[in-house]
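Participant: According to the working numbering, the sequence shown holds residues 21 to 406 in order. The C-beta atom is built at its ideal place from N, Cα and C for all residues, glycine as well. Following this message is one structure expressed as C-alpha cells.
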Amino acid sequence: MAMSSVPAQSDNSGFQDDYPGRKGLGSVIVLSIMVALVAGIVAGSLTAWLILRQAQTEPVVAAQTPQITYVQEAEASAAAVYQAVSPSVVTIWTLDEDRPRGIGSGTGIIVDGQGHIVTNNHVVSQADRVRVQLFDGSTLFAEIVGRDPATDLAVIRANLPQDAFQVARFGDSTAVKPGDPVFAIGAPYGFSHSITAGIVSAVGRTYPERGRLIAGLIQSDTEINPGNSGGPLLNANGEVIGITTAIQTSNQRFQGVGLSIPSNLVQRLLPQLIEGEDIRRTFLGVQMDTITPQEARERELDVDQGIWVTRVAPGSPAQKAGIRGSSRSPRFADIITAIDGLELKTADDLIAYIQSKNVGDTISITVHRNGEAVKLDATLGAWPNN
C-alpha cells in the first residue's frame with residue numbers, strides 16, 4: 021500500500037505534552053494527532069524517529085469478534101495470533117471541542133476487567149475527549165486516568181461491555197531474542213485492527229526522552245505506521261511483549277526499523293498509571309560513558325571493558341555509596357563492571373538495569389578501582405524532579 025506524505029511543521033519538540041526536543045539516534049520527527057509532523061533536526065544526521073500517529077475523521081468499521089482462544093506454540097501464525105488477540109485491542113479516536121469529528125487515531129490494549137487500556141501518551145496528550153472502538157465495531161467514550169510523558173505511556177478507562185472484550189496477556193520482554201517472530205496489531209492510517217508480521221531485529225535499544233533514556237526497547241522490522249501507536253507487539257503465543265512507539269525514518273515512511281516499549285516496563289508502571297499517580301523514577305546519580313574493548317586496549321587499561329563514571333551528582337545515591345567519577349580519564353575514575361553480580365558491558369546495560377528497579381531498592385555495584393574490584397552498596401533514590 022502506498023504511503024502518502026504528511027504536511028509538516030517545524031518545532032524543537034518531542035512526543036510528550038510540551039514536546040521537548042531530544043538528541044541522539046538522529047533527529048526526531050513527530051507525526052502529530054492533528055496531522056502535523058513535529059520535526060527537530062540534529063546536526064550530522066539524516067535519519068529521524070517518527071512517533072506514530074495519523075489523523076482521521078471517521079473510524080473504519082471493524083470485523084466481527086471471533087471466538088476467543090489462546091495461541092499455542094504450534095499455532096504460531098499471524099491468523100492464530102489475530103484471532104486470539106484482536107478482542108484485546110481497541111482503536112483510539114481523539115476529539116477536541118473545535119473538531120467534534122475527530123483529530124486523530126491510535127491504538128490501545130485492554131489490561132484488566134475494569135476497562136483500563138494502556139496506550140502511548142502522545143496518542144491522548146492533546147485530546148479533550150477520547151473514544152474507543154472495540155473489535156466488534158462498537159464505540160464508547162473513555163477518560164484519561166494516568167499519563168507519563170517520560171516513557172510515552174498513558175492509561176485510559178472505558179465502561180466496556182463484559183461480553184465484548186478480552187484482557188490482554190503480557191509476556192516477559194526479557195525473554196525476547198533477535199530472530200523471534202513478532203506481530204503488530206493497530207490502526208495504521210485509521211484502518212482498525214490491522215495485523216503485520218516480522219521478526220525481532222535487536223533488543224536492548226535505547227531512546228532519548230526528556231533528557232533521559234528509555235532503555236531495553238525492542239527493535240523489529242514489523243511494519244508499523246501512523247495509527248499503530250500504543251498498539252501491541254506480540255510474540256508467537258499472542259502475548260504482549262511491547263508497545264509500538266516509534267520508527268526510524270529519513271523520509272517519514274517506515275523503513276524497517278521500529279521500536280517498542282518493553283512489556284516488563286509497562287507492567288511495572290501500570291499500577292501507578294491506573295491510580296493516576298506520578299511515576300517515581302529510579303535515580304543513581306552518575307554520568308557515564310562506555311569503555312569498549314578497543315578503547316580499553318588503546319588506553320592501556322587493566323580492565324577489558326566497562327562503564328566509565330565521568331561524574332557523580334552531589335548528594336546522590338552514587339555519592340553516598342562512595343562511587344568516584346572523573347571526566348579527565350577513566351584511570352582516575354571508577355569503572356562499573358557489574359551490578360548485583362550481573363556483568364555490564366555498556367552504559368545502556370546500566371540504564372536498563374536501574375530502570376527495572378524500584379525507588380528504595382539497594383543494589384550491589386562492582387567497580388574497578390586502582391587495579392582492584394571493589395563492591396559498593398547503593399540505595400536507589402527518586403529523580404530529583406519527582
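1) Consult DSSP for LYS340 and reduce its assignment to one of helix, strand or coil.
2) Along the chain, where does the beta strand (DSSP E) containing VAL306 start, and where does it finish?
3) What is the DSSP secondary structure of ARG301, reduced to helix, strand or coil?
4) Can you have a look at PHE190 and say buried or exposed, based on whether 16 or more other CB atoms are within 10 angstroms of its CB?
5) Just to confirm the assignment, what range does the alpha helix (DSSP H) spanning ALA104 have?
6) What is the DSSP secondary structure of GLU320, counted as helix, strand or coil?
7) Would you list the residues sitting across from LYS395 in a DSSP beta bridge?
8) How is SER193 classed by DSSP in three states: helix, strand or coil?
9) Would DSSP call LEU400 helix, strand or coil?
10) Look at SER240 and GLY206 and say whether their C-beta atoms are less than 7 Å apart.
11) In chain order, what residues of the same chain lie with their CB nearer than 7 Å to the CB of ASP132, ignoring the 5 residues before and after it?
12) Helix, strand or coil for GLY199, going by three-state DSSP, please let me know.
13) Alpha carbon to alpha carbon, how far is ALA204 from ILE261? Give it in angstroms, no decimals.
14) Look up HIS213 in the DSSP assignment and say whether it is helix, strand or coil.
15) Return yes when the Cβ of PRO337 is within less than 7 Å of the Cβ of LEU304, no when it is not.
16) Does PRO169 come out as helix, strand or coil in the three-state DSSP assignment?
Facilitator: Looking at the coordinates:
1) When DSSP states are grouped into helix, strand and coil, LYS340 belongs to the helix group.
2) 306 to 311
3) coil
4) buried
5) 98 to 105
6) coil
7) THR386
8) Shown here, SER193 sits in a helix according to DSSP, grouped into three states.
9) Here LEU400 sits in coil by DSSP.
10) For the pair SER240 and GLY206, the CB atoms are not nearer than the 7 Å cut-off.
11) The residues are VAL187.
12) In the structure shown, GLY199 sits in coil (DSSP, three-state: anything other than H, G, I, E or B).
13) 10 Å
14) coil
15) yes
16) Note: PRO169 maps to helix in three-state DSSP.
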